[in-house]
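Residue numbers (full-length UniProt numbering): 1 to 77. We treat Cβ as the ideally placed atom computed from N, Cα and C, and that holds for glycine. Here the structure is a predicted model, which means the values were calculated and not measured. Right, one structure below, let's go through it.
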Ligand SMILES: [Ca+2]
Ligand SMILES: [Ca+2]
């Protein structure tokens, strides 16, 4: 059985092309395109990161991604 958290983590790892545990603007752009987006603009990517970047490092970590996808945050499986 796969928990919501595991599913979100699997998504995160799919988007994290270089496997460093952080989603950069470039990785988010690729993820957006993979999900059928038309190719987000720089400002759209920037706004997206700002909306989720709780620690202000300019990238989306796994916990921040969990908050974004709307499930799994502080959730016990
Ligand atoms: Ca990465
Ligand atoms: Ca961050």
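For residue i, is the beta carbon positioned less than 7 Å from some heavy atom of ligand 2?
i	result
residue 60	yes
residue 64	yes
residue 16	no
residue 55	yes
Am I right that residue i and residue j are in contact with their C-beta atoms under 8 Å? What's the rounded C-beta distance?
i	j	result
residue 29	residue 47	No, residue 29 and residue 47 are not in contact; Cβ-Cβ is about 13 Å, not under 8 Å.
residue 60	residue 45	Not a contact, Cβ separation roughly 11 Å.
residue 21	residue 62	6 Å
residue 33	residue 52	About 18 Å separates the two Cβ atoms, so there is no contact after all.
So, helix, strand or coil for residue i, using DSSP?
i	result
residue 35	coil
residue 77	For residue 77, the predicted model reports a pLDDT of 45, less than 50, meaning its position is unreliable; a value from the coordinates is still stated below. Coil.
Ligand 1 heavy atoms versus the CB of residue i: any closer than 7 Å?
i	result
residue 27	yes
residue 22	yes
Task: Segments of 4+ residues assigned as alpha helix (DSSP H) that fall wholly inside the UniProt domain "EF-hand" (40-75) - done: Within the UniProt domain "EF-hand" (40-75), the complete alpha helix (DSSP H) runs of at least 4 residues are 42-52 and 62-69.
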